[in-house]
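Worksheet: the structure to be examined is printed underneath.
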Amino acid sequence: MGLTEEQKLPINSKANHQIILAGPGTGKSFTILGYITHLITSLKVDPGTIMLITFTRAATNELKQKVKKELGAESQLPKVFTLHGFSLRQLMRNAPKIKALPKGFSIANNFEERFIIMEDIKTLIKAVNIKEVRKLFNLLSANWETLNIEKGDWEVSFDNPQFLGAWQEHRAIYGYMLRSELVYQLKKALEQEEEMRLDSPIDYLIIDEYQDLNQCDLAIIEHLRNKGTKVFCAGDDDQSIYGFRYAYPEGIRNFLKEVQNSEGFKLTECFRCDENILNLALHVIGQDPKRIAKKLKSMSDQKGEFHLLRFPNQYEEAKRIAIIIRNLVDKKEIPENEIIILLRSDHNGCFSKPIVGELLTAGLTLNQEADDLSTFAQNSGRYFLSLLKFLKNPSHDLALRTILELTKGLGEATFTSIYIQAKTNKNRFHEVAEKILTGEITEVTNLKKVIETLKMINSLREELREQKDVRVALERLKAFIPDFSAEFAGHIENIIRDKELESIDDLIDFADELLNPATEAPNEIATGIRVMSMHQAKGLTAKAVFIVATEEEYLPGRGNVDEERRLFYVSITRAKHFLFMTFCNNRIYSQRHTGYLNEPTTKRNLTRFLRDLPIVKPIDGTNFEMK
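Take the sequence shown: its position 134, counted from the start at 1, is 154 in our numbering, and no numbers get skipped.
Right under this line is the structure:
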């Protein structure tokens, strides 16, 4: 394996714990892969005792494939999880021992959260709107992720104690857990449950993107470390951009101080950005007084170029961006999929629409990644997925509720009456349904229709219970599910083919992962020009990058100044050879309502992150031409 000398240093360290500060493009993943290979091939460590934690499912799948390629398809592989996936696995394994968890719990996906949980809570607490309920759930999540929940009076200080009671009652009746509570529940179980056992020993724990962990995540790592696990961590405090998920960059900054028998290393050789682009990035991030000082060196043999282009308004900006890209494609022979346009925000397409329009007019191709999420967003999609879940597990309360909710002739009064029966009898939702079928419970609105529906889906379950082939099941479900259009069927068939899904379980797992919110990197081999948010671009690189609206009103805008600076740094370092930053003196029409100001205004100003840098000279972009 062709590791550089500085990549070999942490791999060969004799310390119990290592922390690697890895700048952009310095081969962090390559070093992690080298460490795994070293443990297994050189030190003869049992792969079953090695666990790798990644931040996203996309990164998890990517690293699994890389490890398999390096070690051989037949080799035993280390365990690779996101922290949420690991937490879920351990909680399910130990569920009977953990009294705080609903028996046989399910994990609510984001449609179940939005259309059942939030709607029900809105009714129970008489909230004005869903926005108010979402705010309360976000506050609850923040308490878990920051460990504020462990302060003695957190429930008293909570904005709405009525909400807490309603949610806890609702959670018990529908038997679910929220994805946002998984890590905290594991932390609590590890600390409080004497019989809690992990599914296998973890002698070596490798953590990617360490800077993205929050305080609750770090507490899990600390617990494992205190049990004798050796940790090998890689990340970069300069790239901590998930403050909205309560990422805690102080965790990586304080690692050497807080972790005994640890050693730190820095990867400084950047194999991505040309010299001038990397130099600009370092000038931007160097303004952060809290960062760990580090020097990066471009290993490229090219200088690269960046330009700061000023425009009178967004329409001139969009026209020139299209012209520049046309020239990049035609004259510089840069493929369209090697061009990324980054936006800080784009509510309702406010910023992207003018640009997209000009790109299409110029005959350029835009990336059209399949939107699998929208396939399941329609009622037929929700019904289909819930029916699959019910076929697999008839005790899945949220799936059963979704099926009943989407059955014509049943409405809120029906679910309210079932909920009251569950609350009165201290039952779960599915248990009440079973008692309705046996005649034990009859005081339910629309009783006849409920019984008819329950009999139909139970009959279907009996028919398909032994069926494993997803295509055979799909044909039967087409005839069963109302409004199962040919278009929807085509979408599902494409997903089965493209994702190589073979069983019903495969399809359920795919859809559940898709419908559980997570920060995911887009497809790196997608075709066409990509227009996306700055957050989405983390993990991607391109030969040419455009950062649009580098204006004080958006960067930092209303955001935390330090984190917004890091976000800008991450955006700059996506570029290999060409970087274009644009700003407008005025933004008119719909864009005059954007930005951090409370009142509509056309006037815009260059971001502070560039304003005082002597190496950056704004130029008139209206007539800018590539050399």
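Ideal placement from N, C-alpha and C gives every residue a C-beta, glycine not left out.
Bear in mind the structure is a predicted one, so any value in this text is a computation, not a measurement.
Nearest neighbour of residue 205 by Cα position, chosen from 196, 164, 223 and 408, turns out to be 164. Beta-carbon to beta-carbon, residue 552 and residue 348 are separated by about 18 Å, too far to satisfy the 8 Å threshold.
Residue 623 has 606 as its beta-bridge partners, per DSSP. Collapsing the DSSP output to three states places residue 632 in coil.
Bridge pairing for residue 318: 290 [DSSP]. Membership of residue 29 in the alpha helix (DSSP H) is indicated by the continuous run 25-31. By DSSP's assignment, residue 253 forms a beta bridge with 39 and 227. When only Cα atoms are considered, residue 371 and residue 468 end up about 52 Å apart.
Residue 147 carries a coil assignment under DSSP once its states are collapsed to helix, strand and coil. Take residue 84, set aside five residues on each side of it, and the residues of its chain with a beta-carbon closer than 6 Å to its own are 100, in chain order.
In chain order, 27 place their CB closer than 6 Å to the CB of residue 51, counting only its own chain and leaving out the 5 sequence neighbours on each side. Between the region 439-457 and the region 184-194 there are three or more inter-stretch CB-CB distances shorter than 8 Å, so the stretches are counted as touching.
Shortest Cα-Cα distance from residue 439 to any of 181, 144 and 244 involves 144. Counting the other Cβ atoms within 10 Å of the Cβ of residue 188 gives fewer than 16, which makes it exposed. With distances taken between CA atoms, residue 158 lies nearest to 265 out of 576, 265 and 147. Here the alpha carbon of residue 398 sits roughly 25 Å from the alpha carbon of residue 488.
Minimum Cα-Cα distance from residue 301 among the listed residues 644, 630, 641 and 556 corresponds to 630. Cα atoms of residue 95 and residue 53: separation of roughly 15 Å, rounded to the nearest angstrom. Within its own chain, the residues whose Cβ lies closer than 6 Å to the Cβ of residue 565, once the five positions on either side in sequence are excluded, are 360, 594, 595 and 599, listed in chain order.
With a threshold of 16 other beta carbon atoms within 10 Å, residue 589 meets it and is buried. Judged by DSSP in its simplified three-state form, residue 416 adopts coil rather than helix or strand. Under the three-state reduction of DSSP, residue 595 is assigned to strand. Residue environment: residue 211 is assigned as exposed (fewer than 16 neighbouring CB atoms within 10 Å of its CB, all protein chains considered). Residue 552: member of the beta strand (DSSP E) spanning 550-553, first to last residue. Per the coordinates, the alpha-carbon of residue 617 lies some 7 Å from the alpha-carbon of residue 573.
Of the residues assessed, residue 37 falls on the buried side of the cut-off, its CB having 16 or more other CB atoms within 10 angstroms. The alpha-carbon separation between residue 352 and residue 336 amounts to approximately 23 Å. By the Cβ neighbour-count rule, residue 367 is exposed, with fewer than 16 other Cβ atoms within 10 Å of its own. Residue state for residue 119 is assigned as coil, using DSSP reduced to three classes. Residue 283 is bridged by DSSP to 38. A direct Cα-to-Cα measurement between residue 314 and residue 570 gives close to 25 Å.
Within the DSSP bridge table, the entry for residue 91 names no partner.
Boundaries of the beta strand (DSSP E) around residue 330: 325-331. When beta bridges are read from the DSSP output, residue 571 appears opposite 626. Residue 586 and residue 413 have their C-alpha atoms some 45 Å from each other.
The straight-line gap separating the alpha-carbon atoms of residue 483 and residue 410 is approximately 13 Å.
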